[in-house]
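Participant: One structure coming up, written as structure tokens, with questions to follow.
Residue numbers (this note's numbering): 8 to 274.
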């Protein structure tokens with residue numbers, strides 16, 4: 008299925024349902040569409056932080072057309088990839104409200120810690136939005152039972168609750184949740200979460216004299232989100248030369264990106 012970039016650590020993002028199975032529906036939305044958005048944003052955060060991410064499905068299609076076969080496929084796929092963790096995204100239904108998360112009942116301390124870290128981060132986002140923290144739970148769900156690595160399943164609000172639906176459909180909220188999940192996983196892995204650059208460096212109309220405003224990590228993160236093969240040795244060179252001559256190395260770097268089509272030489 009989908010691979011984001013060649014890296015050492017490996018993780019799985021499982022956008023629940025999708026394809027032949029829309030999942031729960033309500034307030035003009037389908038669960039499978041929402042889980043894709045949450046899962047994609049999460050995977051991008053992890054990829055930027057140094058983890059190679061795989062998806063259990065494509066945006067609009069699944070590996071099978073049978074629910075039981077699909078669940079078995081997703082677990083087996085994660086096991087074959089030798090992933091370190093498995094995060095499954097779902098949206099609840101049934102008249103409730105708020106956020107809850109699950110792990111398999113018979114599990115190890117590593118899974119429990121991953122569950123606690125992810126849940127705590129996500130629960131804070133829901134609380135800030137005035138939604139209920141329904142707690143940490145266990146369940147015999149197929150993807151939790153069948154995976155060999157620590158696995159957590161998230162139920163991110165209720166699609167049939169008007170207030171929940173109004174919040175979870177927004178990109179702002181999805182971004183906050185995706186960041187919260189990624190921060191929890193990074194804490195568990197013992198790696199640093201790499202922030203997403205707020206904006207790419209501006210070129211036209213921006214003074215070039217002075218100190219760089221963008222950090223090396225921001226330049227690399229933004230550029231590799233567009234061209235994953237971009238050579239990592241270039242940004243520090245631009246920043247160092249800029250510092251030496253009193254010009255903004257980030258702006259000079261941005262101008263180079265524009266002229267070379269993000270180093271694909273199509274600009």
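For each residue, glycine too, the CB sits at the ideal point set by N, CA and C.
Please name the residue in 28, 58, 123 whose C-alpha comes closest to that of residue 71.
Facilitator: A check of alpha carbon separations from residue 71 across 28, 58, 123 identifies 28 as the nearest.
Participant: So is residue 102 buried or exposed if we call it buried at 16+ other beta carbons inside 10 Å?
Facilitator: exposed
Participant: Please state whether DSSP places residue 250 in a helix, a strand or coil.
Facilitator: helix
Participant: How would you write the range of the alpha helix (DSSP H) that residue 118 sits in, first residue to last?
Facilitator: 116–135
Participant: Alpha carbon to alpha carbon, how far is residue 210 from residue 65?
Facilitator: Residue confidence is low: residue 210 scores 48 on pLDDT, short of 50, so the model does not pin down where it sits. Its coordinate-derived value is still stated next. Taking the straight line from one Cα to the other gives about 36 Å.
Participant: Would residue 220 and residue 249 qualify as a contact pair, given that the criterion is a beta-carbon distance under 9 Å?
Facilitator: no
Participant: Under a three-way DSSP split, which group does residue 82 fall into?
Facilitator: helix
Participant: List the endpoints of the continuous alpha helix (DSSP H) containing residue 59.
Facilitator: First-last for residue 59: 58–62, but that is the beta strand (DSSP E), not the alpha helix (DSSP H).
Participant: Once the 5 residues before and after residue 149 are set aside, which same chain residues still bring their CB inside 6 Å of it?
Facilitator: 78
Participant: Tell me whether residue 261 sits in a helix, a strand or coil according to DSSP, three-state version.
Facilitator: helix
Participant: Taking the alpha carbon of residue 69 as the point to measure from, which residue in 61, 171, 81 has its own alpha carbon closest?
Facilitator: The candidate whose alpha carbon is nearest that of residue 69 is 81.
Participant: In whole angstroms, what is the alpha-carbon distance linking residue 164 and residue 24?
Facilitator: 16 Å
Participant: Take the Cβ of residue 2 as the centre, count every other Cβ of all protein chains shown within 10 Å, and call the residue buried at 16 or more, exposed below.
Facilitator: An answer regarding residue 2 cannot be provided, because it is not within the stretch 8 to 274 covered by the chain.
Participant: Determine contact between the segment 219–233 and the segment 182–197, defined as no fewer than three beta-carbon pairs at a distance below 8 Å.
Facilitator: no
Participant: Find the nearest neighbour of residue 184 within the set 125, 159, 67, judged by alpha-carbon distance.
Facilitator: Closest option to residue 184, Cα to Cα, is 125.
Participant: Ignore the nearest five residues each way along the sequence and tell me which others in residue 116's own chain have a CB closer than 7 Å to its CB.
Facilitator: none
Participant: Does the distance from the CB of residue 63 to the CB of residue 85 come in under 9 Å?
Facilitator: yes
Participant: Let me know if residue 146 comes out buried or exposed under the rule of 16 or more other beta-carbons within 10 Å of its beta-carbon.
Facilitator: exposed
Participant: Identify which residue in 171, 254, 229, 200 has its Cα closest to the Cα of residue 134.
Facilitator: 171
Participant: Here's the rule: buried if 16 or more other CB atoms are within 10 angstroms of the residue's CB, otherwise exposed. What is residue 316?
Facilitator: Lying outside 8 to 274, the shown extent of the chain, residue 316 is not represented and no answer is given.
Participant: Go through its chain and collect everything with a Cβ distance to residue 140's Cβ below 7 Å, but skip five positions before and after it.
Facilitator: 105, 106, 130, 133, 134
Participant: Per DSSP, which residues does residue 6 bridge with? Please list them.
Facilitator: Outside the displayed range of the chain (8 to 274) lies residue 6, so it cannot be described from this structure.
Participant: Can you list, in chain order, the residues of its chain with a C-beta nearer than 6 Å to that of residue 128? Leave out the 5 residues immediately preceding and following it.
Facilitator: For residue 128, the CB contacts under 6 Å within the same chain, skipping 5 residues up- and downstream, are 187, 190, 191 in chain order.
Participant: Quick one: Cα of residue 92 to Cα of residue 153, how far?
Facilitator: Take the alpha-carbon of residue 92 and the one of residue 153: they are about 13 Å apart.
Participant: To which residues does DSSP link residue 303 through a beta bridge?
Facilitator: This structure does not reach residue 303, given that the chain is present from 8 up to 274, and the question cannot be answered.
Participant: Tell whether a beta-carbon distance below 9 Å holds between residue 56 and residue 239.
Facilitator: No, they are not a contact pair.
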